[in-house]
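Residue numbers (our numbering): 1 to 764.
Don't be surprised by glycine CBs; every beta carbon is placed ideally from N, CA and C.
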Amino acid sequence: MTSRFGALLRRWRQRAGLSQDDLAERAGLGVRTVRGLETGQRGNPQVRTVRLLADALRLDGAERAELFTAAGHAEHADPAEDVDVDVPELVAHGATRPPAPGPASGADPLLEATDALAYAVHARWRREEEQQQVHDPVPLPVRWRPAPEALRDNWANIRLAQPGRTSRPLDLTGRLDQVVEVYRRIPSCRLIVLGRAGAGKTILTTRFVLDLLATRAPADPVPVIFGLGSWNPVRTELRDWLADQLVRDHPGLAAPGPGGSTLAAALVDAHRVLPVLDGFDEVAGGLHRAALAALNATTLPLLLTSRVDEYRAAVEATGVLRAAGAVELVDLTADDVADYLPRTTGETGDAGTVWQPVLDHVRERPDSALAAVLTTPLMVALARRIYSDTPGHDPAELVDADRFGGRESIERHLLGGFVPAVYQERRGARAYDADHVRRWLGHLADHLSRLGTHDLAWWQLGTSTRRRTRALAVTLFVFAGVWSGDVVIEGLLLGKVTPQLVGLGAVVGLLAGVSFGLVHGHLARVQSLEPVRFRLALRAGSGVKWPRVRVRARMGLLFGALVGGCYGVLMAVMKLLFGVWAVSPAVLVVDAGVFATVFATGAALAFGMIAAGESPLDLRSAASPAGLLRANRKTVLLQVALFGPLFAVFFAGATWLVATALMTLPGGGPFGLTIVWPGISGAALGLVGGFGGGFGYVISMTAWGQWVVFARFWLPLTGRLPWAVQSFLDDAYRRGVLRRAGAVYQFRHARLQDHLTESYRTPG
Numbered sequence: 001m002t003s004r005f006g007a008l009l010r011r012w013r014q015r016a017g018l019s020q021d022d023l024a025e026r027a028g029l030g031v032r033t034v035r036g037l038e039t040g041q042r043g044n045p046q047v048r049t050v051r052l053l054a055d056a057l058r059l060d061g062a063e064r065a066e067l068f069t070a071a072g073h074a075e076h077a078d079p080a081e082d083v084d085v086d087v088p089e090l091v092a093h094g095a096t097r098p099p100a101p102g103p104a105s106g107a108d109p110l111l112e113a114t115d116a117l118a119y120a121v122h123a124r125w126r127r128e129e130e131q132q133q134v135h136d137p138v139p140l141p142v143r144w145r146p147a148p149e150a151l152r153d154n155w156a157n158i159r160l161a162q163p164g165r166t167s168r169p170l171d172l173t174g175r176l177d178q179v180v181e182v183y184r185r186i187p188s189c190r191l192i193v194l195g196r197a198g199a200g201k202t203i204l205t206t207r208f209v210l211d212l213l214a215t216r217a218p219a220d221p222v223p224v225i226f227g228l229g230s231w232n233p234v235r236t237e238l239r240d241w242l243a244d245q246l247v248r249d250h251p252g253l254a255a256p257g258p259g260g261s262t263l264a265a266a267l268v269d270a271h272r273v274l275p276v277l278d279g280f281d282e283v284a285g286g287l288h289r290a291a292l293a294a295l296n297a298t299t300l301p302l303l304l305t306s307r308v309d310e311y312r313a314a315v316e317a318t319g320v321l322r323a324a325g326a327v328e329l330v331d332l333t334a335d336d337v338a339d340y341l342p343r344t345t346g347e348t349g350d351a352g353t354v355w356q357p358v359l360d361h362v363r364e365r366p367d368s369a370l371a372a373v374l375t376t377p378l379m380v381a382l383a384r385r386i387y388s389d390t391p392g393h394d395p396a397e398l399v400d401a402d403r404f405g406g407r408e409s410i411e412r413h414l415l416g417g418f419v420p421a422v423y424q425e426r427r428g429a430r431a432y433d434a435d436h437v438r439r440w441l442g443h444l445a446d447h448l449s450r451l452g453t454h455d456l457a458w459w460q461l462g463t464s465t466r467r468r469t470r471a472l473a474v475t476l477f478v479f480a481g482v483w484s485g486d487v488v489i490e491g492l493l494l495g496k497v498t499p500q501l502v503g504l505g506a507v508v509g510l511l512a513g514v515s516f517g518l519v520h521g522h523l524a525r526v527q528s529l530e531p532v533r534f535r536l537a538l539r540a541g542s543g544v545k546w547p548r549v550r551v552r553a554r555m556g557l558l559f560g561a562l563v564g565g566c567y568g569v570l571m572a573v574m575k576l577l578f579g580v581w582a583v584s585p586a587v588l589v590v591d592a593g594v595f596a597t598v599f600a601t602g603a604a605l606a607f608g609m610i611a612a613g614e615s616p617l618d619l620r621s622a623a624s625p626a627g628l629l630r631a632n633r634k635t636v637l638l639q640v641a642l643f644g645p646l647f648a649v650f651f652a653g654a655t656w657l658v659a660t661a662l663m664t665l666p667g668g669g670p671f672g673l674t675i676v677w678p679g680i681s682g683a684a685l686g687l688v689g690g691f692g693g694g695f696g697y698v699i700s701m702t703a704w705g706q707w708v709v710f711a712r713f714w715l716p717l718t719g720r721l722p723w724a725v726q727s728f729l730d731d732a733y734r735r736g737v738l739r740r741a742g743a744v745y746q747f748r749h750a751r752l753q754d755h756l757t758e759s760y761r762t763p764g
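In structure tokens form, the structure reads like this:
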């Protein structure tokens with residue numbers, strides 16, 4: 001029975017194009033659970049587990065019933081059955097159970113969206129906690145104390161006290177496993193967590209989200225982590241930015257919600273989302289005051305993290321965050337370090353572990369530079385990775401005062417040694433050269449620093465080059481593709497390739513390249529090319545967003561008219577040069593008019609139909625960088641595959657119709673000209689137009705096309721990235737250099753990004 005269940009699960013997962021990781025994330029289960037069920041190592045799946053898997057695979061009817069039967073259950077069994085969990089992980093790693101779903105949502109789409117969001121968020125951050133080895137062997141202690149009075153509001157506001165009532169202070173002291181308990185003591189539900197770099201703010205926010213979800217009631221909001229580094233409070237209202245970030249990381253929330261807004265905006269407005277705002281200090285320089293003012297303009301419950309100095313400066317300029325309590329993370333003690341580091345390595349005999357010289361030094365010289373370095377979880381984690389997890393490294397070198405002159409020297413050593421240490425181990429079939437890895441990671445870090453963000457988005461990798469360079473690259477790419485396509489297509493139709501054909505193909509390719517290069521340059525100046533967060537809806541429905549259709553159609557109309565007019569003139573001139581026929585001003589006008597009309601109509605229809613065919617992704621589709629890339633590739637290629645042939649036929653037919661109509665005019669044609677339009681010319685125009693238009697659209701106007709041009713060709717060609725970029729990013733994630741934050745990567749810590757940036761800009 002179990003083997004049949006596993007076979008069905010594997011077959012339908014592969015049919016859906018999902019990896020085991022993707023299915024686990026979508027279903028809110030552990031990867032080990034999915035793997036064990038498929039291999040038969042885990043038997044007798046619970047009813048809830050089967051239901052989550054069936055929902056994630058979007059099974060219905062006979063297939064859904066077959067899956068439940070193979071598991072030995074009926075779907076109407078008790079819904080309170082437990083979800084299968086990885087028991088060893090629960091015991092050894094402190095993992096939390098996925099949040100229980102609320103009651104059937106009925107006609108309320110927000111309840112369904114809230115439950116789906118809760119599952120996706122839990123799955124994502126549980127996986128990140130495991131990936132970052134937070135519980136291996138145990139979490140480092142993270143403790144806090146009340147922040148100075150000047151950094152919090154008064155207790156009456158924090159307690160939401162009525163006027164005239166006395167408000168006593170709240171006890172906000174606590175440790176990592178008490179973070180939800182401490183938060184719930186605050187009536188205003190607004191808490192600020194302050195700490196210096198590497199003090200454990202990210203660990204705290206992750207644990208806060210997971211613990212809050214584990215005890216969440218159906219009506220409670222879903223805690224969602226938002227990295228504040230990408231927020232510009234001057235340009236974007238907080239609620240709008242929160243909704244945009246939700247759509248980026250959870251594409252299904254782009255679906256229409258109540259009142260005409262998106263589901264994401266509706267969730268934010270209905271207080272179904274609890275913002276966990278990570279990194280107030282990462283807001284762009286000069287905008288901290290505006291950011292704090294914007295936060296004060298809302299009544300949203302929230303948890304905000306920041307480095308102390310940046311938040312203090314904003315408070316001195318603007319005032320405190322209203323109704324918010326504040327705590328400050330405290331340093332690790334020598335006892336904390338002595339308890340943790342020996343557990344990360346084996347015994348070496350009576351002398352203890354390899355860490356004994358370091359521990360003795362820290363205890364005997366508490367005022368030393370090394371003791372000061374090992375007071376933050378970040379530095380302790382880096383030291384563990386370099387010396388405990390990597391053979392051939394002796395931590396005793398850290399006590400060498402002659403080698404390390406002070407605290408900054410030791411920290412630079414740990415930051416600089418982290419990447420070589422994690423890449424010393426060969427993983428899978430691929431081994432990377434250390435110098436290449438440093439250059440590639442340095443380029444990525446420098447790219448993010450120039451953008452002023454910590455979010456490494458695959459669709460923005462091309463922006464590390466200048467806009468003119470990008471436009472030139474697009475021009476060359478489209479020119480080469482369309483020229484080759486034109487020569488091949490017309491050569492097949494004519495049965496031979498002539499110099500005239502090659503020359504005409506070069507002109508067509510050049511026109512297409514310049515046109516799409518200019519379009520890309522314009523788009524890059526006014527907006528960034530975002531990933532497509534939609535799938536093509538091939539069935540008719542009422543969800544068409546007509547304003548978007550009209551905008552796209554107008555863009556196609558203008559673009560097609562310009563390209564078609566230029567095409568007509570150039571074709572006439574080229575035929576004159578090759579001696580095909582004489583060209584007069586009348587010929588130029590007619591050719592330009594015919595092709596402008598046909599190209600404009602065809603492009604308007606193509607762009608409009610593509611826009612009309614888009615519909616939101618499935619609600620449970622929580623994006624990962626690789627998953628969003630795959631979805632974009634699939635969508636873009638499907639668009640071209642569907643509409644390219646359609647408009648190849650349109651171009652050929654429409655040109656023939658226009659030519660035929662012109663021949664019926666009095667005098668045989670406009671200006672007394674004789675119109676000649678052979679059928680083979682129409683076929684060639686249609687095929688070349690369909691291919692060239694589709695190719696140019698992909699390369700210049702889609703995020704996936706930009707990924708192909710720059711991340712897969714241009715940047716590797718110039719040595720700034722490897723050829724297998726996605727594999728490299730995934731490998732860096734598995735090694736702990738990068739982490740995932742929804743649809744983007746981030747370096748595991750801002751200080752690591754800063755160090756790599758500095759090293760990249762000052763080689764040697």
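DSSP places Asp446 in the uninterrupted alpha helix (DSSP H) bounded by Ala434 to Leu451.
Asp278: member of the beta strand (DSSP E) spanning Val273 to Asp278, first to last residue. Between Pro377 and Ala197, the CB-CB gap reaches or exceeds 8 Å.
Going by DSSP, Gly227 is part of no alpha helix (DSSP H) but of the beta strand (DSSP E) stretching over Val222 to Gly227.
Counting along the chain, the unbroken alpha helix (DSSP H) around Tyr733 starts and ends at Val725 to Arg734. Taking the C-beta atoms as reference points, Val519 is found no nearer than 8 Å to Val737.
Ranked by Cα distance from Pro141, the first of Leu110, Asp336, Leu359 and Gly392 is Asp336.
For Tyr745, there is no enclosing alpha helix (DSSP H); the enclosing beta strand (DSSP E) covers residues Val744 to Phe747. If the five residues before and after Leu605 are omitted, its C-beta is found closer than 8 Å to the C-beta atoms of Ala553, Gly556, Phe647 and Phe650, all from its own chain and listed in chain order.
Excluding sequence positions up to five before and after His413, its CB lies within less than 7 Å of the CB of Phe404, all in the same chain and listed in chain order. Partner residues in the beta bridge of Leu303, as assigned by DSSP, are Leu191 and Val276. Spanning the alpha carbons of Ala284 and Val209 requires a straight line of approximately 25 Å. Boundaries cannot be given for Pro251, as no beta strand (DSSP E) includes it and DSSP labels it neither H nor E. From the listed residues Val594, Val569 and Val709, the smallest Cα separation to Leu657 is found for Val594. Here Pro146 is bridged, per DSSP, to Val327. Taking every protein chain shown into account, the CB of Ser528 has fewer than 16 other CB atoms within 10 angstroms, so this residue is exposed.
Between Glu38 and Asp22, the alpha-carbon positions lie close to 14 Å from each other. Put simply, the backbone Cα of Val50 is about 20 Å away from that of Val121. Going by beta carbons, Ala291 and Trp231 fall inside the 8 Å limit. Taking Gly417 as the centre and dropping the five residues before and after it, the same chain places the C-beta of Ile386 closer than 7 Å to its C-beta, in chain order.
Per the Cβ contact rule, the stretch 210-222 is in contact with the stretch 112-129 (3 or more Cβ pairs under 8 Å). Between the alpha carbons of Lys634 and Tyr745 lies a distance of about 21 Å. Rounded to the nearest angstrom, the gap between the Cα atoms of Arg165 and Leu274 is 28 Å. If you ignore the 5 residues before and after Arg739, its C-beta comes within less than 8 Å of the C-beta of Glu128, Gln131, Gln132, Tyr733, Tyr745, Gln746, Phe747 and Arg748, all in its own chain and listed in chain order. Residue nearest to Ala334 within the set Ala323, Val362 and Leu341 is Val362 (criterion: CA-CA distance).
By DSSP's assignment, Gly174 forms a beta bridge with Trp144. The Cβ atoms of Leu172 and Leu204 do not sit closer than 8 Å to each other. Bounds of the alpha helix (DSSP H) holding Ala750 are Ala750 to Arg761. Boundaries for Ala113: no beta strand (DSSP E) harbours it, while the alpha helix (DSSP H) harbouring it runs Pro109 to Gln131, taken from the DSSP string. If only uninterrupted beta strand (DSSP E) runs of at least 3 residues are considered, none is enclosed by the stretch 366-441.
Straight through space, the alpha carbons of Leu511 and Ile699 are spaced by roughly 15 Å. Rounded to whole angstroms, the separation of the alpha carbons of Val234 and Ala684 is 52 Å. Straight through space, the alpha carbons of His522 and Val179 are spaced by roughly 48 Å.
Counting C-beta pairs closer than 8 Å gives three or more between the stretch 318-330 and the stretch 152-167, which meets the contact rule. Ranked by how close their Cα comes to the Cα of Ile225, the residues Trp125, Val247 and Val551 have Trp125 in first place. In the displayed model, Thr318 falls within a helix according to three-state DSSP.
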